[in-house]
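Accompanying notes for the structure given below.
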Amino acid sequence: MVIHRIRQASSTSTQSNISHSATTSTPPPLHHPSRQEILCLYRHLLRTARQYKSYNLNQYIRKRSKDAFHSHATEVDRDSIAGLYAKGCKDLEVARRQAYIQNVFSMGPLVVELNGKHK
Numbered sequence: 001m002v003i004h005r006i007r008q009a010s011s012t013s014t015q016s017n018i019s020h021s022a023t024t025s026t027p028p029p030l031h032h033p034s035r036q037e038i039l040c041l042y043r044h045l046l047r048t049a050r051q052y053k054s055y056n057l058n059q060y061i062r063k064r065s066k067d068a069f070h071s072h073a074t075e076v077d078r079d080s081i082a083g084l085y086a087k088g089c090k091d092l093e094v095a096r097r098q099a100y101i102q103n104v105f106s107m108g109p110l111v112v113e114l115n116g117k118h119k
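If you want it as structure tokens, here you go:
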């Protein structure tokens, strides 16, 4: 009986929090990055790609970063640039986190990484 009342109380408070947050949530204002900040993000993505010990992941991150930046190089709308910058920052966080995890739980080098050296 006590557990049922606790569940009821928690479900009603959760519902009121959800309805309150749904009505008051507004998107955060977009940060309009400068050209220097965008180039800094690009360099950080390329440096993060070098942290991957796996050749395949290293090349994938580098290629994906270069392609994304080159395809949007002619973008002039400040809001879309701000959105792309925010997405790039999130991608950088993910890439850094995955590089750390991969390096902690790394395996031996791949065949293409041996550079002609035989085991």
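Following my numbering, the numbering of the sequence shown begins with 1 at its first residue and continues without gaps. The beta carbon of each residue, even a glycine, is placed where N, CA and C say it ideally should be.
For residue i, the nearest candidate out of the options (CA to CA)
{"i": "Phe105", "options": "Tyr52, Cys40 and His72", "result": "Tyr52"}
{"i": "Gln102", "options": "Gly88, Ala73, Arg50 and His70", "result": "Arg50"}
{"i": "Met107", "options": "Ser54, Ser34 and Tyr42", "result": "Ser54"}
{"i": "Arg96", "options": "His31, Pro33, Leu30 and Leu41", "result": "Leu41"}
Backbone CA spacing between residue i and residue j [nearest angstrom]
{"i": "Arg64", "j": "His72", "result": "12 Å"}
{"i": "His44", "j": "Arg78", "result": "22 Å"}
{"i": "Phe69", "j": "Asn56", "result": "20 Å"}
{"i": "Ile38", "j": "Val111", "result": "36 Å"}
{"i": "Gln59", "j": "Asp67", "result": "12 Å"}
{"i": "Leu114", "j": "Tyr100", "result": "22 Å"}
{"i": "Arg47", "j": "Ile61", "result": "10 Å"}
{"i": "Leu120", "j": "Ala82", "result": "Nothing about residue 120 can be read from this structure; the chain reaches only from 1 to 119."}
{"i": "Arg35", "j": "Gln98", "result": "27 Å"}
{"i": "Tyr85", "j": "Pro33", "result": "7 Å"}
{"i": "Cys89", "j": "His31", "result": "12 Å"}
Three-state secondary structure (DSSP) of residue i
{"i": "Lys53", "result": "coil"}
{"i": "Ser34", "result": "coil"}
{"i": "Thr74", "result": "coil"}
{"i": "Asn58", "result": "helix"}
Run of the alpha helix (DSSP H) containing residue i, from where it starts to where it stops
{"i": "Asn103", "result": "Arg78 to Val104"}
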